[in-house]
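All remarks here apply to the structure that follows.
Residue numbers (the UniProt record's numbering): 1 to 116.
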């Protein structure tokens, strides 16, 4: 079985919605890193020297490669990344090897066989 890593940088307020969408699309879980900081094309505004920016979460999903594009599209749809500039970004990266996922393989095998 081959895997992809989906990394999503999202506003903290939509993390739960992104997680729900990813699970519905076939993700089996994620690691969430809270309170990340990101900067886009435009530099954040300051107020008396304090930066005014929304907190970001980083979501890390290890997903089966046949499900990865669908999961990525669902994350994009819920996060509205293409419609609202600065709302977030998600990328997928090939995973050469992974350990610690044996308990998920039986579930993923059933899901992938149903999809194909």
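No residue lacks a Cβ here, since even glycine has one placed at the ideal position from N, Cα and C.
A quick note: this is a predicted structure, and the numbers were derived from the prediction, not measured.
The closest CA to that of residue 4, considering only 94, 56, 33, is found on 94.
For the pair residue 101 and residue 109, the Cα-to-Cα distance works out to about 12 Å. The straight-line gap separating the alpha-carbon atoms of residue 31 and residue 84 is approximately 25 Å.
By the neighbour-count definition (other C-beta atoms within 10 Å, threshold 16), residue 99 is an exposed residue.
Counting only residues of its own chain and dropping the five nearest sequence neighbours on each side, residue 2 has a CB closer than 6 Å to the CB of 65.
If one requires a minimum length of 3 residues, the beta strand (DSSP E) runs lying completely within the stretch 67-101 are 88-95, in chain order.
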